[in-house]
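Novice:
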Amino acid sequence: SAVISQKPSRDICQRGTSLTIQCQVDSQVTMMFWYRQQPGQSLTLIATANQGSEATYESGFVIDKFPISRPNLTFSTLTVSNMSPEDSSIYLCSVEGLGLAGADTQYFGPGTRLTVL
Amino acid sequence: SQKIEQNSEALNIQEGKTATLTCNYTNYSPAYLQWYRQDPGRGPVFLLLIRENEKEKRKERLKVTFDTTLKQSLFHITASQPADSATYLCGSGSNYQLIWGAGTKLIIKP
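Same order as they appear, the protein sequences are chains G and L.
The first sequence maps to residues 54 to 170 in the working numbering.
The second sequence maps to residues 201 to 310 in the working numbering.
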């Protein structure tokens, strides 16, 4: 299994500022994912981050707003740039769930709860 | 567009009874469906995955069914306990491009 930690666990930020969220995994993984989860809503995939290549963004998400780094096989960061209250959400990172049932199963981090004032 | 729907209303079940949660999918035919548990302030935790050619899968007190005719998966918790109270998410997709339901909050009352 994979153990994932995220920092910070929560933050309150001012409009127009940026926040970088860190995701650390206790084992080397190829695929890491960043999700957003708004209250009462489903998980929405922001981007897939593979080490050694540019992140792949889903429709509706752009690199200028959500730049991602993946410097090695155990770490990734997601930056939420030029924040607005609409960015208030829980941000989750996850990794491929090899060793689970396969077929795209994932291990998730605990999430970062972001509030933008 | 492809969609997964789960009951948005919380499900209240008496301890000891069987809880049944529903996941309906539309506009696609998933090769599998997977179920996760999410507690407040935590990330989802994988529970079970069922493939389209499997009618039923069990793990301890958990059971998942997959009905391709009804386009539906049911998730059952037998002999439910207050510790089973959580939000349960249904998801599916391929190549990690998962579609997720919004989850159903399950409350088990002592």
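Even for Gly, the Cβ is constructed at its ideal location relative to N, Cα and C.
Hey, would you say residue 129 of chain G sits closer than 8 Å to residue 167 of chain G, going by beta carbons?
Specialist: Cβ distance not < 8 Å, so residue 129 of chain G and residue 167 of chain G don't count as in contact.
Novice: Given that residue 300 of chain L touches chain G, what residues does it touch there, using C-beta distances under 7 Å?
Specialist: 95 and 96
Novice: So, helix, strand or coil for residue 231 of chain L, using DSSP?
Specialist: coil
Novice: Beta-carbon separation of residue 89 of chain G and residue 102 of chain G under 8 Å?
Specialist: Taking 8 Å as the Cβ cut-off, residue 89 of chain G and residue 102 of chain G do not qualify as a contacting pair.
Novice: Apply the 10 Å Cβ neighbour rule to residue 237 of chain L and answer buried if 16 or more other Cβ atoms are within range, or exposed otherwise.
Specialist: Result: buried.
Novice: CB-CB under 6 Å to residue 171 of chain G, same chain, minus the five flanking residues each way: which ones, in chain order?
Specialist: A question about residue 171 of chain G goes unanswered here, because the residues of chain G that appear run from 54 up to 170.
Novice: Give the straight-line distance between the Cα atoms of residue 206 of chain L and residue 131 of chain G, rounded to the nearest whole angstrom.
Specialist: 29 Å
Novice: If the cut is a Cβ gap below 8 Å, which residues of chain G does residue 275 of chain L touch?
Specialist: By Cβ distance, chain G contributes nothing, its closest Cβ being about 15 Å from residue 275 of chain L, past 8 Å.
Novice: Could you check whether residue 169 of chain G and residue 134 of chain G sit closer than 8 Å to each other, using their CB atoms as the reference points?
Specialist: no
Novice: Of all Cβ atoms in chain G, is any one closer than 8 Å to the Cβ of residue 258 of chain L?
Specialist: no
Novice: Would residue 158 of chain G pass as an interface residue toward chain L - the criterion being a Cβ-Cβ separation below 8 Å?
Specialist: yes
Novice: Please classify residue 216 of chain L as buried or exposed, where buried requires at least 16 other C-beta atoms within 10 Å of its C-beta.
Specialist: The residue in question, residue 216 of chain L, is exposed, as its Cβ has fewer than 16 Cβ neighbours within 10 Å.
Novice: At least one CB of chain L closer than 8 Å to the CB of residue 162 of chain G: is that the case?
Specialist: Yes, residue 162 of chain G lies at the interface with chain L (some Cβ there is under 8 Å from its Cβ).
Novice: If you measure between the beta carbons of residue 222 of chain L and residue 203 of chain L, is that distance less than 8 Å?
Specialist: With contacts defined as CB atoms closer than 8 Å, residue 222 of chain L and residue 203 of chain L fail to qualify as a contacting pair.
Novice: With the cut-off set at 8 Å, would you say residue 284 of chain L and residue 219 of chain L are in Cβ contact?
Specialist: yes
Novice: Determine whether the Cβ of residue 246 of chain L lies closer than 8 Å to any Cβ atom of chain G.
Specialist: yes
Novice: Does the distance from the C-beta atom of residue 246 of chain L to that of residue 59 of chain G stay below 8 Å?
Specialist: no
Novice: Just to confirm, is the Cβ distance from residue 98 of chain G to residue 298 of chain L under 8 Å?
Specialist: Yes, the Cβ-Cβ distance between residue 98 of chain G and residue 298 of chain L is below 8 Å.
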